[in-house]
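Protein chains in written order, with my numbering: chain A, -8 to 204; chain B, 2 to 129.
Single-structure report; data block below.
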Amino acid sequence: MGLFTNLRDSISRVTERLFSESEPKRIGIYGPPNAGKTTLANRIARDWTGDAVGPESHIPHETRRARRKENVEIERDGKTVSIDIVDTPGVTTKVDYKEFLEHDMEKEDAVRRSREATEGVAEAMHWLREDVDGVIYVLDSSEDPFTQVNTMLIGIIESQDLPVLIFANKTDLDESNVQRISNAFPQHETVPLSALEGDNMDEVYGKIAEYFG
Amino acid sequence: MPEATSTDDSGVQIDLISGTRMDGLASMEKIRLILDGVRDGNIVILEEGLSPEEESKLIEVTMTEISPDEFNGIEIETYPSAQTADQSFLDRLMGRHSTNKLTVIGPANQIETLHKDEDFISALVSRK
């Protein structure tokens, strides 16, 4: 009986996704800290709405609250795809306030930032389980993708049956290695880009329309 | 069931938890068992790992327990789930995901991953 219940639930989930086209899909931008999630969210929002989503920084955990930009309309091949972008805090399993002291921060500010960061990560996980319809997973292509956070998050996304695109960001850096990311997650499509420089954004928008439209 | 007694500061306690023991626990009981051990400074090794949903909750609960100068969070390692690419369409449709993966969890300030790839993990464990 469990088998048929599971099958019925799975079909129900799929059909709900296929036929609930009226509302814009909520696309969560996920990834580890400092992958360039907010830079990407801002690039997409600025290109199609003229506004930014949030401040960018090289200090980890700049984004400590999930931020949603609603009704971003992306035009591709004569069609308009409407999505809500949800920029989420970088996911990690550890936060040490002492890391922030290295960025010329006073202890009180560093402790506050670490507390807000932990709340933000918990919030991001909650969004992933409950409130997003698709995921853009952003990785810094100059870093090793074989980390536990990446492995776990991709596994969690797959277990939710969410459509996912992997964006290999920071291709403007000399150390960038997109192939390493493709090899790490061969079951998903990897799109190279530089959100900072705006490189390869045509393909990025084409894939967003194809996967989430 | 007898519980391991905690060690003194001269060593690192390692708890190996069988899949059978975990099977009898609810998700939050598993997370509590892991975090209680890790917060005591132990290295917890799970024979069969956690489901993706449980991993998600483990991250969330860990975040709520982080406290400056007391607990910085966890280091966790499993092998990448290569079986995902090999799952049948029916398995994916039915939401069947294998969780059978050795998992090592420890306090973030005591365990450091030295190397990790598809089939090999090397970690350095230090005393408190």
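In this text, a Cβ means the ideal position worked out from N, Cα and C, and glycines have one as well.
All values derive from a computational prediction rather than experimental measurement.
| task | Alpha carbon to alpha carbon, how far is residue 71 (chain A) from residue 74 (chain B)? Give it in angstroms, no decimals. | result | The residue given as residue 74 (chain B) occupies position 73 in the second sequence. The residue given as residue 71 (chain A) occupies position 80 in the first sequence. When only Cα atoms are considered, residue 74 (chain B) and residue 71 (chain A) end up about 43 angstroms apart.
| said: Suppose you measure from the CA of residue 20 (chain B) to the CA of residue 102 (chain B); what does that come to, to the nearest Å? | reply: As a position in the second sequence, residue 20 (chain B) is number 19, starting the count at 1. As a position in the second sequence, residue 102 (chain B) is number 101, starting the count at 1. Straight-line Cα distance between these residues: approximately 10 angstroms.
| 8 angstroms Cβ cut-off: residues of chain A touching residue 118 (chain B) | As a first step, residue 118 (chain B) is located in the second sequence; it is residue number 117 there, counting from the start. Within chain A, the C-beta atoms nearer than 8 angstroms to that of residue 118 (chain B) come from 137, in chain order.
| task | Compute the Euclidean distance between the alpha carbons of residue 190 (chain A) and residue 91 (chain A), then round it to the nearest angstrom. | result | The residue you call residue 190 (chain A) lines up with position 199 of the first sequence. The residue you call residue 91 (chain A) lines up with position 100 of the first sequence. One C-alpha to the other measures close to 30 angstroms.
| said: With distance defined between alpha-carbon atoms, name the residue in B:119, B:68, B:16, B:39 nearest to residue 137 (chain A). | reply: By one-based count along the first sequence, residue 137 (chain A) stands at place 146. Of B:119, B:68, B:16, B:39, the residue nearest in Cα terms is B:119.
| Using the beta-carbon of each residue, which ones in chain D are nearer than 8 angstroms to residue 75 (chain B)? | Within the model displayed, chain D is absent; protein chains A and B are what it includes.
| task | Go ahead and pull the three-state DSSP assignment for residue 115 (chain A). | result | Start at 1 with the first residue of the first sequence, and residue 115 (chain A) comes out as number 124. When DSSP states are grouped into helix, strand and coil, residue 115 (chain A) belongs to the helix group.
| request: Return the chain-ordered list of same chain residues with a C-beta closer than 7 angstroms to the C-beta of residue 85 (chain B), the five sequence neighbours on each side being excluded. | output: Here the question's residue 85 (chain B) lines up with position 84 in the second sequence. Here the model assigns residue 85 (chain B) a pLDDT of 47, short of 50, so the residue's position is not dependable, and the following value carries that caveat. Around residue 85 (chain B): no qualifying Cβ.
| Which of helix, strand or coil does DSSP assign to residue 28 (chain A)? | As a position in the first sequence, residue 28 (chain A) is number 37, starting the count at 1. For residue 28 (chain A), the secondary structure class from DSSP, reduced to helix, strand or coil, is helix.
| So which residues of chain A does residue 109 (chain B) contact, with C-beta pairs closer than 8 angstroms? | Taking the second sequence and counting its residues from 1, the one referred to as residue 109 (chain B) is at position 108. Proximity of chain A to residue 109 (chain B) at the Cβ level (cut-off 8 angstroms) is accounted for by 84, 85, 87, in chain order.
| Quick one: is residue 60 (chain A) buried, meaning 16 or more other Cβ sit within 10 Å of its Cβ, or exposed? | Residue mapping note: residue 60 (chain A) aligns to position 69 of the first sequence, counting from 1. Buried.
| Any beta-carbon of chain B closer than 8 angstroms to the one on residue 153 (chain A)? | Indexing the first sequence from 1 puts residue 153 (chain A) at position 162. Judged by the 8 angstroms Cβ criterion, residue 153 (chain A) is not in contact with chain B.
| Would you call residue 203 (chain A) buried or exposed, if buried means 16 or more other Cβ atoms sit within 10 Å of its Cβ? | Working through the first sequence from its first residue, we reach residue 203 (chain A) at position 212. Buried, by the Cβ-count rule.
| message | Please confirm whether residue 57 (chain B) has its beta-carbon closer than 8 angstroms to some beta-carbon of chain A. | response | Residue 57 (chain B) sits at position 56 when you count from the first residue of the second sequence. At least one chain A Cβ lies under 8 angstroms of residue 57 (chain B).
| Looking at the C-beta of residue 23 (chain B), does it have a partner C-beta in chain A at a distance below 8 angstroms? | Here the question's residue 23 (chain B) lines up with position 22 in the second sequence. Chain A contact via Cβ: absent.
| request: With 8 angstroms as the threshold, decide whether the Cβ of residue 112 (chain A) is near any Cβ in chain B. | output: Taking the first sequence and counting its residues from 1, one reaches residue 112 (chain A) at position 121. Yes, contact with chain B.
| By the 10 Å Cβ neighbour count, where 16 or more other Cβ atoms means buried, how is residue 33 (chain A) classified, buried or exposed? | To locate residue 33 (chain A), count along the first sequence from 1; it is residue 42. Buried, by the Cβ-count rule.
| query | If you scan the segment 47 to 99 of chain A from start to end, which runs of the beta strand (DSSP E) of 3 or more residues do you find wholly inside it? | reply | Within the segment 47 to 99 of chain A, the complete beta strand (DSSP E) runs of at least 3 residues are 58 to 67, 70 to 78.
| task | With a threshold of 16 other CB atoms inside 10 Å of the CB of residue 161 (chain A), please say whether the residue is buried or exposed. | result | Residue numbering aside, residue 161 (chain A) sits at position 170 when the first sequence is read from its first letter. By the 10 Å Cβ count, residue 161 (chain A) comes out buried.
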